[in-house]
Each structure stands twice: as structure tokens, then as C-alpha cells.
Amino acid sequence: MPTRATIPKTPVRVAICGGGIGGLVLALALSKHAAITADVYEAATSFSEIGAGIGIWRRPWQILAQLGLEEDMKTITDYEPSNDPVTAFHYRKSDQPAGLDFYTLLTKGGIALAHRAELQRVLIQHLPHAPHCSKRLQSYKETSSGVQLFFADGTTAACDVLIGADGIRSAVRRGLLLREAQDAPPEVADELRSCIEPSWTGVVCYRTVVPAARLAARSPHHRALHLPMQYTGACNHITTYPICHGQLINVVFFRAHYDREGTAFDGPWVCNLRCDFFQAFQDWEPEVRQLLESVDEFKQWAIHTVRPLPSFVSRSGQVALLGDAAHAMQPFQGSGAGQAIEDAYVLASLLGDAAESRMSVDAAIHLYDRIRRPVAQDVASRSRRAGMYYHLLIPPYNAAELPSHILHGEESEAAKKEKLGQLGDMVAWEWQWAWTREIGELDKDVDDARARL
1 MPTRATIPKT
11 PVRVAICGGG
21 IGGLVLALAL
31 SKHAAITADV
41 YEAATSFSEI
51 GAGIGIWRRP
61 WQILAQLGLE
71 EDMKTITDYE
81 PSNDPVTAFH
91 YRKSDQPAGL
101 DFYTLLTKGG
111 IALAHRAELQ
121 RVLIQHLPHA
131 PHCSKRLQSY
141 KETSSGVQLF
151 FADGTTAACD
161 VLIGADGIRS
171 AVRRGLLLRE
181 AQDAPPEVAD
191 ELRSCIEPSW
201 TGVVCYRTVV
211 PAARLAARSP
221 HHRALHLPMQ
231 YTGACNHITT
241 YPICHGQLIN
251 VVFFRAHYDR
261 EGTAFDGPWV
271 CNLRCDFFQA
281 FQDWEPEVRQ
291 LLESVDEFKQ
301 WAIHTVRPLP
311 SFVSRSGQVA
321 LLGDAAHAMQ
331 PFQGSGAGQA
341 IEDAYVLASL
351 LGDAAESRMS
361 VDAAIHLYDR
371 IRRPVAQDVA
381 SRSRRAGMYY
391 HLLIPPYNAA
401 ELPSHILHGE
411 ESEAAKKEKL
421 GQLGDMVAWE
431 WQWAWTREIG
441 ELDKDVDDAR
451 ARL
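Residue numbers (full-length UniProt numbering): 1 to 453.
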């Protein structure tokens, strides 16, 4: 339990390292508190217009709406908030000459699908001042009076609280874990150091956006033009959905090598790629081949995650991690950005309490860890299992016996269809948290944690 430090009597200075979705939402949420000053430090020279699709589930949407963004959000997505059952995705088994529809995922209110760069633009427009670009954090130093930041361009900055929202290769996470390991018993120190570097999941994805007009010219009635789709197959699958009011189609091809999970990925994690991997999908149904024929270039991503951290915060209560820096997860529940938004909402609420003299800053930071770490790490586990379902793996998962778990072989069509239906039910069961949780429950979690101080 953290000790109660001196209650702040001057504005709390918060430095947010990283201008991704989580960092920008945190900056916006903190701007609602007069007793907090927040600065965003972004490593890139500018905020790029390139990017891909992003999904926002019910509770993250409610958070953005509470921050005053709902009307602007409606300009970048066709989503309409609702309590009615809405189709989130259609599932097809596509690794065969004739594809087979096998599941429709119905959810309360559905999911908002947008372009990541457009969401960043909306967030930046609402900030009281612009992020500081070209500020790549090299290191930081904690002192009794705050945190000193050292950037690659030779400049420095000071703050009371440092928030690492700097992504999967987080410099803040590295610094935090190395410092915590210095004073830890050997076995604990080893665990902390093992969490510094991200871990390869065995999955590689190939991302692009396709102009809808180009796909329509090739296949006027293609499902991906109008519907969010999951084209599944043995150890490969494709996710597609329309973005930018149907003008673009977000397309992601996945290839899974689960026997290599946890090994080092050979090569750059992210690179531009011509369509060299097409052979893996050459025997798939025509819809998939039409997608492949509609693109010229993909960006390859080797999907890495962060191992479960023992804490998202430093013992001092001066440093905390948020979003991918804390819990980078596999993308198979479309929840990485949403979890970062929830992190930001909780952290801003608690730091607001500290700034307004209702608790100490270090107490607020440790409460954030207590509230958010179990939830985010559970979602990360669910996202991993969901990916295996998409690749037609049935539990239990034994890497040495993966072929025996893949849905294929000489089973009857009726037996295959029954198994596929069960697989769809498992997808829905693992994912139902995303459309059943409300912002009020998150507020209650914060209130309950405050009451236990």
C-alpha cells in the first residue's frame, strides 16, 4: 500500500510520452482539470495521415462522448450509438474453393470503425495546445522533487508525473523495469527484466487499405464493400471492414506460426512488402483472391506483445505506463486502442482527485494500477485465444500437436458445420465483455477503489 505523500498545493505537471490514441485521450481528459498541466511529447516529426482501421467498442465510445467528441466522431465513422443488437462481423470459412458462412456476431450497439489517423486528428483538434513533436525520450531520472526527462535532441523537461504512452517499444517501460529490478530480489529482478523486450506471438499480418471503387470495379457485389468480414482458414485469416464512410476498405491478412510463439522474429518488425505471401491464399475462395488482386503493396507487421507486467507503475508513484507500453496485445478483439482509452480515463480521473487535494499523487498512481492492470491483462489473454479461434484451432492448445486441433480432414460437412458453429459461439463468449461493459461500471470501479484508501 503506498504511503500518503504531501497533498499537492500547486498544479500537478504531467508529461505524456507518446502521441498515440491513449496519450492523446489522456491529455484531453487531464485538460478538464484546472489544477493539472499536461504536455504530450511525440517522437515523430509530425502526425502522419497514413494508417489503418481502428475499432472502438461501446465503453471507449462512451468515454470519448463524455469528453465531448461524439459529434466529431460521427463525422469520421458511420457508427450510431444504440442498445439494439447490431452485426459486428460476419464469419466465413474461406480456405476452400467455395466459401461457407458459419457465424454472425451480434453485439449490443455494434462497433465503431474508423481510420486511426482521423481519430488522432479529432483528438488533437480538441487539445488546449499542440503536442511537442520530434521529442524522442532517451531516459529519465526520478528525484524527490519530480522527474527529469532527457530527449534525443539534447533538450530536457521536468514533470511531477511521467506517463509512458510510447508504444510497444516503450522507453519509459524500459527505464521503469530496470530501476525496479535494481532493488529487487534476484528472481523478481529476472522477471522484471524479462518484460522489457516485447515477445513475438508467432503471427505476422499484412495491412493495407483498398479504395472501395477499385474493389467494386473487380467485384461489384463483394461482401467486403459493405460488411465487416472475417475470412477464416487453417492458420491464416483475413479481417476486412469499410472505413471513411465506405470509401476505403481496411484489409488485414494474418498468417500464424504458433509453434514459433515466443521466439525471436527474424527481420524488421514493420516493412513495406509487395504481395510475396499470396501463395498462402491461392487455393482460397474467389472473394479472397479478388481482395488480393485489388492491392499493390502491404505493410508487414510481426505482431509482438508485452509480457504480463507485475505492475504498470513505479514504486515511487511518479511513473506509470498506459496502452501498448503497458499491455500491448494481439489485435483479434479489436481492443488495443479501446483499452488505452480506458486506461487514460481512469488515470485522468484519479490524477484529478490528486490535483484537487482528495488524495496524494502516488496513491492515485497505485490505484490506477490496481484498477486497470487486471482488466487489461485479461483482455490481452482473451485476444490471444480469439486469434487461435480465427485460425481454426480448437482448445486445448498444444504447440507440439497443432495439426490435430485444426479443423480440416475427412469429417462430414455436417460435422464441420457443427464445429464451426461451436467455434463462433466461443468467439462470442470470449468477446462479450466488449459490448456488455458500460462507462458507469468503470466509474464504480474507481469509486470503490477510492473508498478502500
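Just so you know, even glycine gets a beta-carbon here, dropped at the ideal spot from N, CA and C.
All values reported here derive from a predicted model rather than from experimental measurement.
Straight-line Cα distance separating residue j from residue i
| i | j | result |
| --- | --- | --- |
| R384 | Q377 | 11 Å |
| Y206 | L162 | 34 Å |
| N83 | W433 | 15 Å |
| I54 | D160 | 32 Å |
| C195 | S381 | 16 Å |
| E42 | V172 | 13 Å |
| P8 | L350 | Reliability fails at P8, whose pLDDT of 48 lies under 50, so the model's placement of it is uncertain and the value that follows must be treated cautiously. Answer to the nearest angstrom: the Cα atoms are 13 Å apart. |
| K93 | N236 | 11 Å |
| D266 | L67 | 42 Å |
| A5 | F312 | Any reading at A5 is ruled out, since the residue's pLDDT is 45, under 50, leaving its predicted position unreliable. |
| L64 | P331 | 21 Å |
| R214 | A415 | 38 Å |
| V40 | S412 | 57 Å |
| L176 | Y79 | 39 Å |
| E438 | Q279 | 43 Å |
| E293 | T75 | 30 Å |
| Q96 | L291 | 15 Å |
| V306 | M329 | 7 Å |
| S144 | S199 | 34 Å |
| T87 | K419 | 21 Å |
| R260 | P128 | 46 Å |
| R373 | V346 | 11 Å |
Where residue i sits in the DSSP three-state scheme
| i | result |
| --- | --- |
| G202 | strand |
| K135 | coil |
| P242 | strand |
| L321 | strand |
| H237 | strand |
| H126 | helix |
| A256 | strand |
| G146 | strand |
| V86 | strand |
| K32 | coil |
| M229 | strand |
| F281 | helix |
| R358 | coil |
| R92 | strand |
| T3 | Note on T3: pLDDT 39, under 50, position unreliable in the model; the coordinate value appears next. Residue state, collapsed to three classes: coil. |
| A152 | coil |
| residue 480 | Residue numbering for the chain in the displayed model covers 1 to 453; residue 480 lies beyond these limits and cannot be assessed. |
| R207 | strand |
| A224 | helix |
Extent of the continuous alpha helix (DSSP H) run through residue i
| i | result |
| --- | --- |
| K108 | Looking at the DSSP string, K108 is not in any alpha helix (DSSP H); the run it does join, the beta strand (DSSP E), is L100 to K108. |
| Q290 | P286 to E293 |
| G336 | G336 to A355 |
| L420 | E413 to W431 |
| R382 | V361 to Y390 |
| A216 | A212 to R218 |
Endpoints, the beta strand (DSSP E) within which residue i is located
| i | result |
| --- | --- |
| A448 | In the sequence as displayed, the identity of residue 448 is Asp instead of Ala. That residue, D448, is in no beta strand (DSSP E); its alpha helix (DSSP H) goes I439 to A451. |
| I16 | V12 to C17 |
| D39 | I36 to Y41 |
| L113 | A112 to H115 |
| G164 | V161 to G164 |
| Q300 | F298 to T305 |
| V270 | V270 to L273 |
> Is the stretch 212 to 232 in contact with the stretch 307 to 327, if contact means three or more CB pairs nearer than 8 Å?
Replying inline: no
>> Whether or not the stretch 230 to 243 and the stretch 268 to 288 are in contact is what I'm after, with contact meaning three or more pairs of Cβ atoms, one per stretch, closer than 8 Å; do they touch?
In response: yes
> Enumerated in chain order, which unbroken segments of the alpha helix (DSSP H) with a length of 4 residues or greater are wholly contained in the stretch 170 to 194?
Replying inline: 171 to 182 and 186 to 194
>> Taking 8 Å as the cut-off, does the stretch 51 to 67 touch the stretch 330 to 339 (at least 3 CB pairs, one atom from each stretch)?
In response: yes
> Given 8 Å as the limit, is there contact between the stretch 27 to 36 and the stretch 347 to 359, that is, 3 or more CB pairs closer than that?
Replying inline: yes
> Which whole runs of the alpha helix (DSSP H) in the stretch 45 to 83 are 4 residues long or more, in chain order?
Replying inline: 58 to 66 and 70 to 73
> Is the number of C-beta pairs between the stretch 434 to 447 and the stretch 118 to 128 that are closer than 8 Å three or more?
Replying inline: no
>> Using 8 Å as the cut-off, can you tell me whether the stretch 386 to 394 makes contact with the stretch 253 to 261, which would need three or more C-beta pairs spanning the two stretches below that distance?
In response: yes
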